[in-house]
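Visitor: If you scroll down you'll find the structure; I have some questions about it.
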Amino acid sequence: MSTDISAGASAIVIGAGIVGAACALELADAGFAVTVVDAGPVGGGATAAGMGHVVVMDDSPAQLALTRYSQQLWTQLQTVLPPQAEIMRCGTIWVAADAEEMAEVERKRHRYLEEQIPCDVLDAGRLYQLEPNLRPGLAGGLLIQQDSVVYPPTIAAWMLDRVTEKGGTVRTHTQVDRVEPHCVILSNGDRLAGDVIVNAAGAVAPRLTPGLHIKQRKGHLIITDRYPNFVRHQLVELGYLKSAHQSDGDSVAFNVQPRPSGQLLIGSSRQYDESRAVDHVIVAKMVARAIEYMPAIAELSATRVWTGFRAATPDKLPLIGPSPANDGLWLAAGHEGLGITTSLATARLLVDQIMGRTSAIPVAPYLPSRAASEAMHV
Amino acid sequence: MNYDCDVAIIGAGPAGIAAACCASECGRRVIIIDDNPIAGGQIWRGGAPTRQAAQWRDRLAAARVTILSMHTVIAICGKTVRAEAEDDVSAIRFQKLILCTGSRELFLPFPGWTLPGVMGVGGIQAMVKSGLSVKGKRIIVAGSGPLLLAVAAHLRRKTGAEVLLLAEQTPMAKVLRLGASLLASPGKLAQAVKLKWQLRGIRTTFNAWPTEAVRRGRGLAVMMRIGRRSETMECDYLATGFGLVPSTEIAQLCNCACDNAGFVVVDSSQRTSSPDVLAAGEITGIGGVEKSIIEGQIAGFTAAGRTERIGRLLGAREHAYGFMRRLNDAYSLRQEVLRLADPGTVICRCEDVRLADLASQSSAREARLQTRCGMGPCQGRICGAILRASMNWRDESIRPPASPVRLASLAVPPAADI
Ligand SMILES: Cc1cc2nc3c(=O)[nH]c(=O)nc-3n(C[C@H](O)[C@H](O)[C@H](O)COP(=O)(O)OP(=O)(O)OC[C@H]3O[C@@H](n4cnc5c(N)ncnc54)[C@H](O)[C@@H]3O)c2cc1C
Ligand SMILES: Cc1cc2nc3c(=O)[nH]c(=O)nc-3n(C[C@H](O)[C@H](O)[C@H](O)COP(=O)(O)OP(=O)(O)OC[C@H]3O[C@@H](n4cnc5c(N)ncnc54)[C@H](O)[C@@H]3O)c2cc1C
Numbered sequence: 001m002s003t004d005i006s007a008g009a010s011a012i013v014i015g016a017g018i019v020g021a022a023c024a025l026e027l028a029d030a031g032f033a034v035t036v037v038d039a040g041p042v043g044g045g046a047t048a049a050g051m052g053h054v055v056v057m058d059d060s061p062a063q064l065a066l067t068r069y070s071q072q073l074w075t076q077l078q079t080v081l082p083p084q085a086e087i088m089r090c091g092t093i094w095v096a097a098d099a100e101e102m103a104e105v106e107r108k109r110h111r112y113l114e115e116q117i118p119c120d121v122l123d124a125g126r127l128y129q130l131e132p133n134l135r136p137g138l139a140g141g142l143l144i145q146q147d148s149v150v151y152p153p154t155i156a157a158w159m160l161d162r163v164t165e166k167g168g169t170v171r172t173h174t175q176v177d178r179v180e181p182h183c184v185i186l187s188n189g190d191r192l193a194g195d196v197i198v199n200a201a202g203a204v205a206p207r208l209t210p211g212l213h214i215k216q217r218k219g220h221l222i223i224t225d226r227y228p229n230f231v232r233h234q235l236v237e238l239g240y241l242k243s244a245h246q247s248d249g250d251s252v253a254f255n256v257q258p259r260p261s262g263q264l265l266i267g268s269s270r271q272y273d274e275s276r277a278v279d280h281v282i283v284a285k286m287v288a289r290a291i292e293y294m295p296a297i298a299e300l301s302a303t304r305v306w307t308g309f310r311a312a313t314p315d316k317l318p319l320i321g322p323s324p325a326n327d328g329l330w331l332a333a334g335h336e337g338l339g340i341t342t343s344l345a346t347a348r349l350l351v352d353q354i355m356g357r358t359s360a361i362p363v364a365p366y367l368p369s370r371a372a373s374e375a376m377h378v
Numbered sequence: 001m002n003y004d005c006d007v008a009i010i011g012a013g014p015a016g017i018a019a020a021c022c023a024s025e026c027g028r029r030v031i032i033i034d035d036n037p038i039a040g041g042q043i044w045r046g047g048a049p050t051r052q053a054a055q056w057r058d059r060l061a062a063a064r065v066t067i068l069s070m071h072t073v074i075a076i077c078g079k080t081v082r083a084e085a086e087d088d089v090s091a092i093r094f095q096k097l098i099l100c101t102g103s104r105e106l107f108l109p110f111p112g113w114t115l116p117g118v119m120g121v122g123g124i125q126a127m128v129k130s131g132l133s134v135k136g137k138r139i140i141v142a143g144s145g146p147l148l149l150a151v152a153a154h155l156r157r158k159t160g161a162e163v164l165l166l167a168e169q170t171p172m173a174k175v176l177r178l179g180a181s182l183l184a185s186p187g188k189l190a191q192a193v194k195l196k197w198q199l200r201g202i203r204t205t206f207n208a209w210p211t212e213a214v215r216r217g218r219g220l221a222v223m224m225r226i227g228r229r230s231e232t233m234e235c236d237y238l239a240t241g242f243g244l245v246p247s248t249e250i251a252q253l254c255n256c257a258c259d260n261a262g263f264v265v266v267d268s269s270q271r272t273s274s275p276d277v278l279a280a281g282e283i284t285g286i287g288g289v290e291k292s293i294i295e296g297q298i299a300g301f302t303a304a305g306r307t308e309r310i311g312r313l314l315g316a317r318e319h320a321y322g323f324m325r326r327l328n329d330a331y332s333l334r335q336e337v338l339r340l341a342d343p344g345t346v347i348c349r350c351e352d353v354r355l356a357d358l359a360s361q362s363s364a365r366e367a368r369l370q371t372r373c374g375m376g377p378c379q380g381r382i383c384g385a386i387l388r389a390s391m392n393w394r395d396e397s398i399r400p401p402a403s404p405v406r407l408a409s410l411a412v413p414p415a416a417d418i
């Protein structure tokens, strides 16, 4: 699809989450007059509920390419973000429980090094040196130094402040009812026209663009009181690969993040469930898993448990590009559990397509039109 | 431990005790859950019991009620209360649940309100009851409402403290009007006269409130606004109290509807909007101990299925509601005291968020997400009430646990049958 973009063209972005905000900023930088519309406050959807772990992941080559590219963009952005962005370059340790997982550590290291992503294999001794609160008997781990932790809601707000400075408009607490060619209709009946319309409505994007293969995948997180240095890296069990990947069914994994405040953010669970209520059964499993890896966690004080929805696609890759159905509509949705990480690359790849620019990485794996093909259903 | 009962009651203050007695006397199996070591709630705990307190204590002892003290409620899962005990999680299965979780103090921020030596009137009273010596200390008691009088009287009579000033923000005329209306309630009038007598000799001012406190020497210098004048006074403690706000976390976890002021909405049988959940006492409105006892009794009978017994209590409740309205009217907060903070004043103590940080936010949820206001261990219990009172921002986002608990407690799976 080609859109004829003349100077002063207008764009409407639906959704002020991290993805919508990043797209809006990229569009404003490209010279568009941007309007961002969100039913709630800025960054109040999945962006407020997720972990904010900026992480390179290698489930598939396309995922590795996207997360790696995005992390490079994060490294640039982090130099200008304000303190409220709560950036912590803590790195990730993939924790291996046994020899089998240590073999996976080796494979993972190999894949990362091929992409020039610095990483270190940790033997058990080194692992306990870095993270003394892990339980004894673990095999080791893989440390990825460049991964970081951020606080996404304030970053979305910062991006939209830049959009406003460039003459754009941000309309919060404004619901979009439906999308028509080059136009969105608000729930109060108002029509907003735009040369480019971006659906960045996250997990509920299919409500505006029916037929998208996006399902809501619920997750629980727990935040604790402050315990500085209790954990120093984002810790994820390597077994996570086994559990997170079963497409159906509920799963939990050990996933603990240090916050700059000294708090711990503890995850994670995955289930297909549309209710935002806390499910105490899966929370119990999730905490039990965390205690299994880190027994001393049991005595820490938990202040809040909440839920959020990931926008899950069948092949676990986001939809970035023109909507197959609707002229003038572009999609930036379906980021599952990686949308904080991949938001910046998403915005870049989307605006590359809108502007007809060549992208730094191939866009084909993320095109929404792939949904029609078999590739989507791996 | 697992428990099974007909009626579970959360909160062992006057409302909870009255509810427990009534439900139990109707033959129901009753369990009261309370996070304190001693039953009685804010008012009946500690100190020598009043006659009324002693009567209810004896009645409770005679009723067959299980009291789970030192149990912190985590969440309500279906028809089970999950509560953290010392080393364990208890599951209390119920048919009916009565919420009697009471109220807490409303703090209003002014420059210096977070200094050591500045505390809530309820806080200083609790500390004195548990052994803090204030003998010979100079104390200013300031804020609004009858609690100020009670605390000032207590400090002076029982502790040997020197109460320098009792500053009430409301105009004297409003309090006199309330006093006149008490002529119809001999009991309340007698109480008021007694209090007045106990307060004799304490300098009492109306239209008066603190505007700023700073450290001076080992104590404080407090700038007081008294009528049109300003006066700086030195003291050791400044005890403030601007009224009470309901503790509705558990009610919100049960999805009970609340009104604009934040109180749980109940029907004439004390039923909330949530099926099988009732509420009584200060979470439905701040109206004194009589109101709580009457509502507790009604809730106890309703939960026991004995609604025919509530008829004779309805008149008394109407009377209590009338008093509550007059009381709240007499002590309604003036705009000036809602606006004492300056841009540098801390609003959220847990996360050190100042008024200036909130300037560009337009709701409690935005403030939470963008500034961390209310994200700390107290989960907005203090600043949430401040924002509601002074900005009319409502944060209705209550998530489990109802108060902080050990992660080990969250790891205990809920019983399989729910
Ligand atoms: C438990 C959990 C943990 C996670 N951990 C991580 C992690 O560690 N690292 C990582 O990279 N990612 C993580 N994620 C994923 C990440 O949070 C999401 O992928 C990301 O926030 C998606 O951003 P978004 O802007 O697409 O969606 P959202 O933030 O949900 O934004 C969509 C916005 O669209 C608005 N909207 C929707 N419909 C309409 C409408 N009709 N009209 C107007 N506005 C509308 C919504 O109000 C919302 O603000 C996690 C997610 C969860 C749930
Ligand atoms: C990195 C990070 C760190 C965090 N740290 C802390 C922390 O230290 N302390 C802390 O307290 N929190 C923390 N949070 C969590 C935050 O306070 C929220 O809990 C989080 O944003 C999840 O939102 P919620 O569901 O609790 O929000 P809510 O405010 O409960 O609401 C979510 C949305 O759903 C809507 N909604 C409410 N009820 C319903 C309903 N019944 N049906 C449909 N919609 C409804 C609301 O209007 C709102 O738009 C952190 C979050 C992140 C991302």
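Each protein sequence line maps, in turn, to chains A and B. Mapping to the numbering used here: the first sequence position 88 is 88, numbers consecutive. Mapping to the numbering used here: the second sequence position 9 is 9, numbers consecutive. Quick reminder that beta carbons are idealized off the backbone N, C-alpha and C, glycines included.
Answer yes if the stretch 314 to 328 of chain A comes into contact with the stretch 34 to 54 of chain A, meaning at least three C-beta pairs across the two stretches below 8 Å, and no otherwise.
Guide: Short answer: they don't touch.
Visitor: Using the DSSP secondary-structure output, state which residues sit across from residue 96 of chain B in a beta bridge.
Guide: According to DSSP, which records beta bridges pairwise, residue 96 of chain B is partnered with B:7.
Visitor: Given the structure, does residue 268 of chain A come close to ligand 1, in the sense that its CB is under 7 Å from one of the ligand's heavy atoms?
Guide: Indeed, a heavy atom of ligand 1 lies less than 7 Å from the Cβ.
Visitor: Any beta carbon of chain B sitting closer than 8 Å to that of residue 379 of chain A?
Guide: Lying outside 1 to 378, the shown extent of chain A, residue 379 of chain A is not represented and no answer is given.
Visitor: Compute the distance between the beta-carbons of residue 245 of chain B and residue 202 of chain B, then report whether it is under 8 Å.
Guide: No, they are not a contact pair.
Visitor: So what's residue 199 of chain B in DSSP terms, helix, strand or just coil?
Guide: In this structure, residue 199 of chain B counts as coil in the three-state DSSP scheme.
Visitor: Please decide whether residue 299 of chain A counts as near chain B, where near means a Cβ-Cβ distance under 8 Å.
Guide: By this cut-off, residue 299 of chain A is an interface position.
Visitor: Is it the case that the Cβ atoms of residue 282 of chain A and residue 220 of chain A are separated by a distance below 8 Å?
Guide: Their beta carbons are under 8 Å apart, which means residue 282 of chain A touches residue 220 of chain A by this criterion.
Visitor: For residue 225 of chain A, which residues in chain B fall below 9 Å Cβ to Cβ?
Guide: Near residue 225 of chain A (Cβ distances below 9 Å), the residues of chain B are 376, 377 and 404.
Visitor: Just curious, the alpha helix (DSSP H) that residue 158 of chain B is in, first and last residue?
Guide: Element bounds for residue 158 of chain B: 146 to 159.
Visitor: Report, in whole angstroms, the separation of the C-beta atoms of residue 122 of chain A and residue 141 of chain A, which I expect to be a contact under 8 Å.
Guide: Yes, residue 122 of chain A and residue 141 of chain A are in contact; Cβ-Cβ is about 5 Å, under 8 Å.
Visitor: So if DSSP puts residue 210 of chain B in a beta bridge, which residue, or which two residues, is it bridged to?
Guide: In the DSSP output, where bridge partners are listed per residue, residue 210 of chain B has B:224.
Visitor: Could you list which residues in chain A have their beta carbon closer than 7 Å to that of residue 400 of chain B, in chain order?
Guide: Those within 7 Å of residue 400 of chain B in chain A are 278 and 305.
Visitor: Here's the rule I'm using: 16 or more other beta-carbon atoms within 10 Å means buried, otherwise exposed. How should residue 175 of chain A be labelled?
Guide: Counting Cβ neighbours within 10 Å, residue 175 of chain A comes out exposed, since fewer than 16 surround it.
Visitor: Leaving out five residues on either side along the sequence, give the residues of the same chain with a beta carbon under 6 Å from the beta carbon of residue 271 of chain B.
Guide: Once the five neighbours on either side are set aside, the close Cβ partners of residue 271 of chain B are 278.
Visitor: Following the continuous alpha helix (DSSP H) through residue 349 of chain A, name the residue where it begins and the one where it ends.
Guide: Unbroken alpha helix (DSSP H) run through residue 349 of chain A: 339 to 355.
Visitor: Within 8 Å (strictly less), CB to CB, does residue 252 of chain B reach chain A?
Guide: For residue 252 of chain B, the answer is no, since every Cβ of chain A falls outside 8 Å of its Cβ.
Visitor: Heavy atom of ligand 1 less than 7 Å from the Cβ of residue 254 of chain A, yes or no?
Guide: Flag unset: Cβ of residue 254 of chain A not near ligand 1.
Visitor: Find out if the Cβ-Cβ distance for the pair residue 20 of chain A, residue 36 of chain A is shorter than 8 Å.
Guide: Yes, they are a contact pair.
Visitor: Given that residue 363 of chain B touches chain A, what residues does it touch there, using C-beta distances under 8 Å?
Guide: Within chain A, the residues near residue 363 of chain B are 41.
Visitor: By DSSP, does residue 259 of chain B sit in helix, in strand, or in coil?
Guide: Residue state, collapsed to three classes: coil.
Visitor: Taking a cut of 7 Å between CB atoms, which residues from the stretch 20 to 47 of chain A lie near chain B?
Guide: Result list: 41, 43 and 44.
Visitor: Can the beta-carbon of residue 354 of chain B be found less than 8 Å from the beta-carbon of residue 390 of chain B?
Guide: Cβ distance not < 8 Å, so residue 354 of chain B and residue 390 of chain B don't count as in contact.
Visitor: Have a look at B:413, B:166, B:192 and B:313 and flag the residue whose alpha-carbon is nearest the alpha-carbon of residue 176 of chain B.
Guide: Closest option to residue 176 of chain B, Cα to Cα, is B:192.
Visitor: In or out: residue 327 of chain A buried (at least 16 other Cβ within 10 Å) or exposed?
Guide: With fewer than 16 Cβ atoms within 10 Å of its Cβ, residue 327 of chain A is classed as exposed.
Visitor: Let's test the definition: count the other Cβ atoms within 10 Å of the Cβ of residue 378 of chain A and tell me whether it reaches 16, buried, or not, exposed.
Guide: Low confidence applies here, because residue 378 of chain A scores a pLDDT of 41, under 50, leaving its location unreliable and the question unanswered by this model.
Visitor: Rounded to whole angstroms, how far is the Cβ of residue 140 of chain B from the Cβ of residue 235 of chain B, which I believe are closer than 8 Å?
Guide: About 5 Å; that satisfies the 8 Å criterion.
Visitor: Please specify which runs of the beta strand (DSSP E), each continuous and at least 3 residues long, are wholly inside the stretch 192 to 258 of chain A, giving them in chain order.
Guide: Complete beta strand (DSSP E) runs here, min 3: 196 to 199, 215 to 226, 234 to 237 and 251 to 258.
Visitor: Contact criterion: CB-CB distance below 8 Å. Does residue 417 of chain B meet it with respect to chain A?
Guide: Residue placement at residue 417 of chain B is poorly supported in this model, since its pLDDT is 48, which falls under 50; the coordinates are not used for a value here.
Visitor: Between residue 147 of chain B and residue 262 of chain B, which are expected to be in contact by the criterion C-beta below 8 Å, what is the C-beta distance as a whole number of angstroms?
Guide: The pair is not a contact, with the Cβ atoms about 18 Å apart (cut-off 8 Å).
Visitor: Can residue 152 of chain A and residue 14 of chain A be called in contact, C-beta distance under 8 Å?
Guide: Cβ distance not < 8 Å, so residue 152 of chain A and residue 14 of chain A don't count as in contact.
Visitor: Spell out whether any CB of chain B is found under 8 Å from the CB atom of residue 253 of chain A.
Guide: With 8 Å as the cut-off, residue 253 of chain A does not count as an interface residue toward chain B.
Visitor: Can you tell which of B:86, B:312 and B:300 has the C-alpha that lies nearest to the C-alpha of residue 26 of chain B?
Guide: Of the listed residues, the one whose Cα sits closest to residue 26 of chain B is B:300.
Visitor: Could you please give the first and the last residue of the uninterrupted beta strand (DSSP E) stretch that includes residue 309 of chain A?
Guide: Per DSSP, residue 309 of chain A belongs to the beta strand (DSSP E) from 301 to 312.
Visitor: Which parts of the stretch 336 to 415 of chain B are runs of the alpha helix (DSSP H), unbroken and 4 residues or longer, counting only runs that do not cross its ends?
Guide: Qualifying alpha helix (DSSP H) stretches, in chain order: 364 to 371, 383 to 391 and 407 to 410.
Visitor: Whole angstroms are fine: how far does the CA of residue 276 of chain B sit from the CA of residue 256 of chain B?
Guide: Cα to Cα, residue 256 of chain B sits roughly 11 Å from residue 276 of chain B.
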